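Peer 1:
So, in structure tokens, the structure goes:
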């Protein structure tokens, strides 16, 4: 019987939790509120892609991504002290566009749908 959860999935979930804690204590005034959306860990647990979103702050998404990748070694060192692992995966931070894309698609749908729906008052008048 195959295991339901792979070790990489468990490590990813733990990385996500621990990085979220580290982000709360991030001492970078230009960076807004960083939220860790997902941590995808390679099967051999040597690399991890960390997907994040950011709200507010003076830096844009690309600048924040660059800064977080510059601080990746610092985060990896802190994770090594917090997690019980022989070695912590190398971290690569990637800005997660799924939320902004979802909002953009939702706005497009909201634009189109009201135009396509028949007017409720017209259908009620015709039925009486």
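In this note's numbering, the protein residues as written are 351 to 478.
We put the beta carbon where it would ideally sit given N, CA and C, even for glycine.
Computed from a predicted model, the values in this text were never measured in an experiment.
Nearest by alpha-carbon distance to residue 361: which of 443, 451, 433 is it?
Peer 2: Here residue 361 refers to the residue found at position 11 of the chain shown. Closest option to residue 361, Cα to Cα, is 433.
Peer 1: Under the DSSP definition of a beta bridge, which residues are partnered with residue 403?
Peer 2: Taking the first residue of the chain shown as 1, we reach residue 403 at position 53. The partner list for residue 403 (beta bridge, DSSP) reads 385.
Peer 1: I need the straight-line Cα distance from residue 442 to residue 421, nearest angstrom please.
Peer 2: Start at 1 with the first residue of the chain shown, and residue 442 comes out as number 92. Start at 1 with the first residue of the chain shown, and residue 421 comes out as number 71. Those two C-alpha atoms are separated by around 10 Å.
Peer 1: Ignore the nearest five residues each way along the sequence and tell me which others in residue 397's own chain have a CB closer than 6 Å to its CB.
Peer 2: Position 47 of the chain shown holds residue 397. Around residue 397: 439, 440.
Peer 1: Between which two residues does the beta strand (DSSP E) holding residue 442 run?
Peer 2: In the chain shown, the residue the question calls residue 442 occupies position 92. Note, residue 442: beta strand (DSSP E), 440-445.
Peer 1: List the endpoints of the continuous alpha helix (DSSP H) containing residue 412.
Peer 2: On the chain shown, residue 412 is found 62 positions in, with the first residue counted as 1. From DSSP, the alpha helix (DSSP H) with residue 412 extends over 411-420.
Peer 1: Name, in chain order, the residues that DSSP records as bridge partners for residue 398.
Peer 2: By one-based count along the chain shown, residue 398 stands at place 48. Paired residue(s): 391, 441.
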